[in-house]
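Protein chains in written order, with our numbering: chain B, 2 to 282; chain V, 103 to 554.
A virtual CB, placed ideally from N, CA and C, is assigned to each residue, including glycine.
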């Protein structure tokens, strides 16, 4: 048996490997090469060296501007989403009536696609702002907080489900022992519940962090980066550079490479950090 | 048993792999794939032109329409496919410069010889690469019924008595401001439709309205109106000499609008056209392509005979002799990388569309193009009220049409920058001097990037 697995392994792994290569490896390497080239269509490129990377920062300041915007947004949304999700999870793991209904309701927005959610919130926010004679395009801060609200609405339910699963897995006897020892609610939370759900916190932080960085469709539907690139996030800046500016395809590609490296780095650091805490816990 | 199973599985894999690799459906040989620019008439192409052409010639035709303001990105991704568009569109010399590696020479085709003025085609190095297919005009569209109601008011503040007498910014401003004062009596919510600034909807301002000061500046610099486009196309810098005039009309639009300024960022051009069609306003800046957005709107209250054009008066010297803006940004190219058979069929399609009786009928009555081809007689022009108005204004010898000069804008990025600046001006987060500076700086940067 062992032998035949070794014998046939390559063959049966082949379709998966081919898919992986076609859908990921080849485009990735190709994209990396293209970031050093000038081209109009990706099949017809000429090598230009590092100029694309220089132009990404020198021609206009929108890339750095959207970088800062994305960073701010990610920090705020990671904190708020996880706070909300964890609070909901705590509340909905007590034996109160209607728990299942509430869990369903809070999870529901996650089933709606980003573009649709973006439009829905665009209408809601414009409706509210119209009372003041304003509009979501009037000021970038409306777009920023709109995005934060939207992402909380969409993702808090999903993260909540992960936290609920983790909280329900905490051995009941630990909680009972704590209660007998006279631990109050806060001590129970910080000494037992949070350390026990640390793996879930890692997952949720990781998911919200990368979601925040890679956000595109919600951004597009809500404000499309307006006014004056004030709410443009990294992914949208890259897309716009590549598709809306003639002669900037390579620059867009260079930005995409920088983007990939940054996101990968942040995710790795964050993973390492929470892993360490998990082990000591 | 196990052995048979593995053999079957392997066979299955072997069979499914090439299937997977092939993907997609095979399209017919020599199919003409036309990437259409105009979303207003997308349905006419798919529902009427496609079947008619296929029936007449047996050549398969596929028309795909890019979403509003998404033509360049769509073309960019479509043209790399193994079945690329055979007919695509460029918006003028700047567009052709971007796509000339893909454009086939057209001087020997029948369509090219059908042009009434061969110099309208875009040429380079002695070859014709792009052929215009429709002439369009734009200005301020007004609803004459509301204007007549205004001029019948006993306490109107102006001395003129019909909209046709408006021939300068001064009179326009006096009329518009007085109409705003009387808007309840006139039953309108504002004189002008909303100045649409939603993403993708600001082209009426950053390109069309801007055309007038752009043309005036390069007319002065080149000394001749007909040389303005060439001068703009070659210009390394742009001074925005007539920024004050642009601001005149721009402020007039904003201050006498259906919507308060704060809401404009969420309005798109279809909203503005609907406001006009429903009689909520008296004027809207747009061109003859907008006819379907007025006549086709349910609840439309505007009679055909009441839809008329005014030129874009903004206070330029001698503007009494200025007509509406007439020109084209619609040039067709044939993709030289498509199969020779598809290219030949594409030429046949264009010839059929613009010279056969059936094709011409579709062009005039359904697509609504005022064409630059000599195969169309004077009677074979679109009958919608705006197209008729364009031909009337063109035929009016007492005024001179403003040629479309915006094809000389160095890049799409310039338009985006200027549009953003205009939105910020509306929002009050940018003063006018900064808007002007944005226009100048962005021009210098983009012109340099474009290699001028």
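Cα-Cα separation between residue i and residue j, rounded to whole angstroms
i: residue 130 of chain B; j: residue 136 of chain B; result: 6 Å
i: residue 460 of chain V; j: residue 161 of chain V; result: 16 Å
i: residue 215 of chain B; j: residue 236 of chain B; result: 6 Å
i: residue 271 of chain B; j: residue 207 of chain B; result: 7 Å
i: residue 276 of chain B; j: residue 198 of chain B; result: 12 Å
i: residue 124 of chain V; j: residue 444 of chain V; result: The pLDDT assigned to residue 124 of chain V is 43, lower than 50, so where the model puts this residue is not dependable; a value taken from the coordinates is nonetheless given after this. Answer to the nearest angstrom: the Cα atoms are 21 Å apart.
i: residue 544 of chain V; j: residue 139 of chain V; result: 26 Å
i: residue 128 of chain V; j: residue 93 of chain B; result: Confidence is the limiting factor: at residue 128 of chain V the pLDDT is only 45, short of 50, which leaves the residue's position unreliable and the question unanswerable from this model.
i: residue 287 of chain V; j: residue 372 of chain V; result: 26 Å
i: residue 472 of chain V; j: residue 493 of chain V; result: 8 Å
i: residue 14 of chain B; j: residue 183 of chain V; result: 30 Å
i: residue 194 of chain B; j: residue 101 of chain B; result: 21 Å
i: residue 140 of chain B; j: residue 335 of chain V; result: 34 Å
i: residue 121 of chain V; j: residue 220 of chain V; result: Residue confidence for residue 121 of chain V is low, a pLDDT of 44 falling below 50, so the modelled location carries little weight and cannot support an answer.
i: residue 249 of chain V; j: residue 421 of chain V; result: 21 Å
i: residue 317 of chain V; j: residue 508 of chain V; result: 8 Å
i: residue 126 of chain V; j: residue 185 of chain V; result: Low confidence applies to residue 126 of chain V: its pLDDT is 40, below 50, so where it sits in the model is not reliable enough to give any reading.
i: residue 260 of chain V; j: residue 497 of chain V; result: 29 Å
i: residue 27 of chain B; j: residue 257 of chain B; result: 15 Å
i: residue 218 of chain B; j: residue 295 of chain V; result: 30 Å
i: residue 312 of chain V; j: residue 253 of chain V; result: 30 Å
i: residue 48 of chain B; j: residue 42 of chain B; result: 14 Å
i: residue 212 of chain B; j: residue 80 of chain B; result: 13 Å
i: residue 384 of chain V; j: residue 209 of chain V; result: 45 Å
i: residue 470 of chain V; j: residue 491 of chain V; result: 13 Å
According to DSSP, residues forming a beta bridge with residue i
i: residue 230 of chain B; result: In DSSP, residue 230 of chain B forms no bridge with anything.
i: residue 226 of chain V; result: V:229
i: residue 164 of chain V; result: V:135
i: residue 20 of chain B; result: Per DSSP, none; premise fails for residue 20 of chain B.
i: residue 239 of chain V; result: V:428
i: residue 39 of chain B; result: B:47
i: residue 234 of chain V; result: V:433
i: residue 191 of chain V; result: V:434
i: residue 265 of chain B; result: Partner(s): none; residue 265 of chain B has no beta bridge.
i: residue 475 of chain V; result: V:217
i: residue 220 of chain B; result: Paired residue(s): none; residue 220 of chain B is not in a bridge.
Element boundaries [alpha helix (DSSP H), containing residue i]
i: residue 269 of chain V; result: No alpha helix (DSSP H) contains residue 269 of chain V, which DSSP labels as neither H nor E.
i: residue 129 of chain B; result: 115-131
i: residue 542 of chain V; result: 534-551
i: residue 320 of chain V; result: 312-324
i: residue 155 of chain B; result: 141-169
i: residue 452 of chain V; result: 442-457
i: residue 483 of chain V; result: Note, residue 483 of chain V: premise wrong, no alpha helix (DSSP H); not H, not E.
i: residue 213 of chain V; result: 212-215
i: residue 196 of chain V; result: 195-201
Nearest-angstrom Cβ-Cβ length linking residue i and residue j, presumed shorter than 8 Å
i: residue 412 of chain V; j: residue 242 of chain V; result: 4 Å
i: residue 436 of chain V; j: residue 206 of chain V; result: 5 Å
i: residue 255 of chain B; j: residue 36 of chain B; result: 4 Å
i: residue 456 of chain V; j: residue 465 of chain V; result: 7 Å
i: residue 549 of chain V; j: residue 338 of chain V; result: 5 Å
i: residue 290 of chain V; j: residue 273 of chain V; result: Actually they are not in contact, since the Cβ atoms of residue 290 of chain V and residue 273 of chain V sit about 19 Å apart, beyond 8 Å.
i: residue 196 of chain V; j: residue 135 of chain V; result: Actually they do not touch by this definition, with Cβ atoms about 24 Å apart.
i: residue 115 of chain B; j: residue 224 of chain B; result: Their Cβ separation, rounded to whole angstroms, is 13 Å, which puts residue 115 of chain B and residue 224 of chain B out of contact at 8 Å.
i: residue 137 of chain V; j: residue 190 of chain V; result: 5 Å
Residue i: first and last residue of the uninterrupted beta strand (DSSP E) it sits in
i: residue 206 of chain B; result: Residue 206 of chain B -> not in any beta strand (DSSP E); alpha helix (DSSP H) instead, spanning 199-215.
i: residue 505 of chain V; result: 502-505
i: residue 429 of chain V; result: 424-429
i: residue 147 of chain V; result: Premise fails: residue 147 of chain V is in no beta strand (DSSP E) and is neither H nor E.
i: residue 255 of chain V; result: No beta strand (DSSP E) holds residue 255 of chain V; DSSP gives it neither H nor E.
i: residue 384 of chain V; result: 383-389
i: residue 510 of chain V; result: Careful: residue 510 of chain V lies outside any beta strand (DSSP E) and carries neither H nor E.
Task: Contacting positions in the region 229-245 of chain B - beta carbon closer than 8 Å to chain V - done: For the region 229-245 of chain B, the residues whose beta carbon sits under 8 Å from a beta carbon of chain V are, in order, 229, 230, 244, 245.
- [ ] Compile a chain-ordered list of the residues in the region 133-149 of chain B whose CB is closer than 8 Å to at least one CB of chain V.
- [x] Cβ contacts with chain V come from 133, 134, 135, 136, 137, 138, 139, 140.
TODO: Would you list, in chain order, the members of the region 491-520 of chain V that have their beta-carbon closer than 9 Å to a beta-carbon of chain B?
DONE: Hits within the stretch, in order: 513, 514, 515, 518, 519.
Open item on the list: For the region 416-449 of chain V, list every residue whose C-beta sits within 7 Å of some C-beta in chain B, in sequence order.
Closed with: Listed in sequence order: no entries.
Open item on the list: Any C-beta of chain V within less than 9 Å: which residues of the region 107-133 of chain B qualify?
Closed with: Answer set for the region 107-133 of chain B: 123, 127, 130, 131, 133.
Task: Interface residues of the region 465-489 of chain V facing chain B [CB-CB below 9 Å] - done: The region 465-489 of chain V vs chain B, Cβ under 9 Å: nothing.
- [ ] Give, in chain order, every residue of the region 294-312 of chain V whose Cβ lies closer than 9 Å to some Cβ of chain B.
- [x] Residues passing the 9 Å Cβ filter: 299, 300, 301, 302.
- [ ] Output, in sequence order along the chain, the residues in the region 344-376 of chain V whose CB is closer than 9 Å to any CB in chain B.
- [x] Shown in chain order are the members of the region 344-376 of chain V whose Cβ falls below 9 Å from a Cβ of chain B: 362, 363, 364, 365, 366, 367, 368, 369.
- [ ] Could you list the residues in the region 160-191 of chain B with a C-beta less than 8 Å from some C-beta on chain V, going in chain order?
- [x] For the region 160-191 of chain B, there are no residues whose beta carbon sits under 8 Å from a beta carbon of chain V.
TODO: With 8 Å as the C-beta to C-beta threshold (strictly closer), list the residues of the region 251-282 of chain B near chain V in chain order.
DONE: Correct list: empty, as no residue qualifies.
Open item on the list: Please list, in chain order, the residues of the region 157-177 of chain V that have any C-beta partner in chain B closer than 8 Å.
Closed with: Considering only beta carbons, the part of the region 157-177 of chain V lying closer than 8 Å to chain B consists of 174, 175, in chain order.
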